[in-house]
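Taking the working numbering, the leading residue of the sequence shown gets 1, the next gets one more, and so forth.
All residues carry an ideal CB built from backbone N, CA and C; glycine is no exception.
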Amino acid sequence: DWGIDVPVEGAEGKKLYVWFDAPIGYISSTKEWALREGKDWEPYWKSDDTKLVHFIGKDNIVFHCIIFPAMLKAEGTYILPDNVPANEFLNLEGNKLSTSKNWAVWLHEYLEDFPEKQDVLRYALTSNAPETKDNDFTWKDFQARNNNELVAIFGNFINRVIVLTHKYYEGFIPTPNDFSDVDQATLTELKAYPAVIASSVERYRFREALGELMNVARLGNKYLADEEPWKMVKTDPERVKTQMYVALQIAAALSVLAEPFLPFTASKLKKMLDNSDKLTWENISEWDELIPPGHQINEAELLFAKIEDAEIQKQIDKLEATKTANKAENKKAEPQKDFIQFEDFAKMDLRVGTILEAEKMPKANKLLVLKVDTGIDVRTI
């Protein structure tokens, strides 16, 4: 009896296949949102200016590429999906995710165990996204991506730039002198990254886009490591002004380019650079100078913190406990005796009785006196 009746004469008793009625829920939810927000829902589903994209899992490709578009086209006034990017499956520690079996990472528990690390989870999931094949989320990989990439590459670069700027120039952006070939090459490479990252995002290659973002941080780390301003400041302080200026341009670029992937981190970085109102995704490619000389930045804040082995082991132990509990729940009890033949069973006289009365037995703490009607007689047990 469950399901939506087929609204066609002669189809009484028939139900719609779920993939005919379920997709309409996408439209209904848009209507509900628009009603709540005082907006018009129709342009989102009917305007030629709208770009409709379906983000789905690979098991739903046929429904979002054939059945739902066919329904939209048949109705006549709806636009069709512009693209249907489909991911494959993400497993957890070698097993399929299952909320019913508690084989999952629950967001509220994650935030309790890893406060202020929303972006770390975003980073781990995006960099390991199952875009072209099934992938596996493991806590060890999560730890490695945080410690070896976010902390050691991104966070390390930003911290060095901010700290050195305050140490050498009291937080003011220095005025550069003559740019070397290395400086020019670095700034030219930096200017190309917004378009590179945007291209990957527009092609739904989010893992690739995130990798390019980290390449910006690597560019900054390599530049500082090669130029060594902490050594150069002793012999050529004027040269260091240019070095720090170039490094700060990279930091400013990261504050904008990180927004789609690491929004909390980007917000912190913009606050440190005190440059939040000027640079945006829309105009970053138009700026020849992302942060100008004479601008004063704020003190450094810790963007990422190292995750210790004990924190990761706690998560692994939690999943192991879940696995043990699932095995115990699914374990079948072994029969204690051999099976009897039906003839033996038929010799038994089994009856269902009705309990008429139940009284506490005198001088006993755990016994009751029951009066039971067996259908033949009434007995006291």
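Take residue i and list the residues in its own chain whose beta-carbon comes closer than 6 Å to its own, dropping the five residues that flank it on each side.
i: valine 105; result: none
i: threonine 77; result: Lys46
i: phenylalanine 52; result: The sequence given here places leucine at residue 52; phenylalanine does not occur at that position. For leucine 52, where only same-chain residues beyond five positions count, the Cβ hits under 6 Å are Ile79, Pro81 and Asp82.
i: tyrosine 26; result: none
i: lysine 323; result: none
Suppose you measure from the CA of residue i to the CA of residue j; what does that come to, to the nearest Å?
i: aspartate 136; j: phenylalanine 89; result: 8 Å
i: lysine 241; j: leucine 213; result: 25 Å
i: threonine 50; j: glycine 57; result: 23 Å
i: glutamine 315; j: proline 263; result: 25 Å
i: threonine 132; j: glutamate 116; result: 30 Å
i: aspartate 192; j: lysine 270; result: For clarity, residue 192 is alanine in the given sequence; the question names aspartate instead. Whole-angstrom Cα-Cα distance: 21 Å.
i: lysine 15; j: aspartate 5; result: 5 Å
i: glutamine 118; j: leucine 107; result: 9 Å
i: asparagine 147; j: valine 84; result: 34 Å
i: leucine 97; j: tryptophan 33; result: 30 Å
i: valine 352; j: phenylalanine 345; result: 16 Å
i: leucine 219; j: glutamate 329; result: 52 Å
i: alanine 129; j: isoleucine 67; result: 27 Å
i: valine 120; j: glutamate 75; result: 44 Å
i: lysine 278; j: tryptophan 41; result: 32 Å
i: cysteine 65; j: phenylalanine 55; result: 11 Å
i: aspartate 21; j: methionine 71; result: 10 Å
i: glutamine 341; j: threonine 354; result: 29 Å
i: glutamate 37; j: threonine 30; result: 10 Å
i: serine 386; j: leucine 111; result: With the chain represented from 1 up to 381, any question about residue 386 goes unanswered, as that position is not in the structure.
i: alanine 266; j: phenylalanine 63; result: 37 Å
i: isoleucine 162; j: leucine 92; result: 38 Å
i: threonine 175; j: valine 256; result: 22 Å
i: alanine 321; j: tryptophan 103; result: 10 Å
i: methionine 361; j: arginine 379; result: 16 Å
Would you please state the rounded distance, in angstroms, between the beta carbons of residue i and residue j? I believe it to be under 8 Å.
i: valine 216; j: isoleucine 173; result: Not confirmed; about 19 Å, so no contact.
i: leucine 356; j: aspartate 373; result: 6 Å
i: methionine 272; j: isoleucine 297; result: 6 Å
i: valine 246; j: threonine 186; result: 6 Å
i: tryptophan 139; j: isoleucine 312; result: 5 Å
i: leucine 164; j: proline 229; result: 6 Å
Reducing DSSP to helix, strand and coil, say where residue i ends up.
i: glutamine 313; result: helix
i: aspartate 141; result: helix
i: glycine 155; result: helix
i: alanine 86; result: strand
i: alanine 358; result: strand
i: tryptophan 106; result: coil
i: valine 6; result: coil
i: lysine 347; result: coil
i: aspartate 136; result: strand
i: arginine 205; result: coil
i: leucine 92; result: strand
i: isoleucine 307; result: coil
May I ask you to check if the CB of residue i is nearer than 7 Å to at least one heavy atom of the ligand MN?
i: aspartate 377; result: You won't find the ligand MN in this model; it holds no ligand whatsoever.
Please return the same chain residues whose Cβ sits closer than 8 Å to the Cβ of residue i, not counting the five positions on each side in sequence.
i: methionine 232; result: Arg239, Val240 and Gln243
i: glycine 211; result: Ser127
i: asparagine 159; result: Ala300, Leu302 and Leu303
Using a Cβ-Cβ cutoff of less than 7 Å, which residues in the same chain neighbour residue i once the five nearest sequence positions on both sides are dropped?
i: alanine 358; result: Leu368 and Leu370
Segment contact, 8 Å Cβ cut-off, at least three pairs: the region 151-163 with the region 301-313:
yes
Do the region 252-268 and the region 192-199 touch if we need at least three Cβ pairs shorter than 8 Å?
yes
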